[in-house]
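Peer 1: Numbered per the UniProt record's numbering, the sequence shown spans residues 1 to 99. The beta carbon of each residue, even a glycine, is placed where N, CA and C say it ideally should be. Since the model is a prediction, treat every value here as computed from it, not as a measurement.
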Amino acid sequence: MFKNNREELYSLSNQFIEIFIADIFSKNKVNMDEIRSKVSDDQREKLKKTVDQLKVQVEEFINSNNTKSITEKEPKEQPSSPLREKLKQAKAENEDTEK
Numbered sequence: 001m002f003k004n005n006r007e008e009l010y011s012l013s014n015q016f017i018e019i020f021i022a023d024i025f026s027k028n029k030v031n032m033d034e035i036r037s038k039v040s041d042d043q044r045e046k047l048k049k050t051v052d053q054l055k056v057q058v059e060e061f062i063n064s065n066n067t068k069s070i071t072e073k074e075p076k077e078q079p080s081s082p083l084r085e086k087l088k089q090a091k092a093e094n095e096d097t098e099k
């Protein structure tokens with residue numbers, strides 16, 4: 001289930017990025033074929049490495065958020081305050097004296 005959610009998230013984010021980039025290119029009247037011919041192989045490799053690094057960072061971020069949400073959902077035992085402890089002791093003493 002978690003894997004499916006992650007794949008859906010990647011798919012949606014990739015679609016959104018593609019639309020966003022296409023919109024920017026069309027607003028600036030950029031020809032995609034012209035750009036592809038101008039990008040060198042070295043630049044392509046650098047872009048691929050950058051994209052891969054960003055994917056790793058996104059995955060680490062998603063995993064860290066999931067572990068946080070899992071641990072946050074566990075009920076935490078609240079430590080009693082000193083005042084509450086004294087009230088409990090006083091109540092217990094009163095009950096003992098009444099008996």
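Helix, strand or coil: which one does DSSP assign to LYS88?
Peer 2: Translated into positions along the sequence shown, residue 88 becomes position 88. Of the three classes helix, strand and coil, the one that applies to LYS88 here is helix, per DSSP.
Peer 1: Which residues mark the beginning and the end of the alpha helix (DSSP H) in which LYS38 is found?
Peer 2: Residue 38 sits at position 38 when you count from the first residue of the sequence shown. LYS38 -> alpha helix (DSSP H) spans 32 to 38.
Peer 1: Rounding to the nearest angstrom, what Cα-Cα distance links ILE62 and LYS86 in this structure?
Peer 2: Reading the sequence shown from its first residue, position 62 is the one you call residue 62. Reading the sequence shown from its first residue, position 86 is the one you call residue 86. Near 44 angstroms, if we compare the C-alpha coordinates of LYS86 and ILE62.
Peer 1: Is VAL58 closer than 9 angstroms to LEU47 when the C-beta atoms are compared?
Peer 2: Here residue 47 is taken as the residue at index 47 of the sequence shown, counted from 1. Here residue 58 is taken as the residue at index 58 of the sequence shown, counted from 1. The answer is no: Cβ separation not under 9 angstroms.
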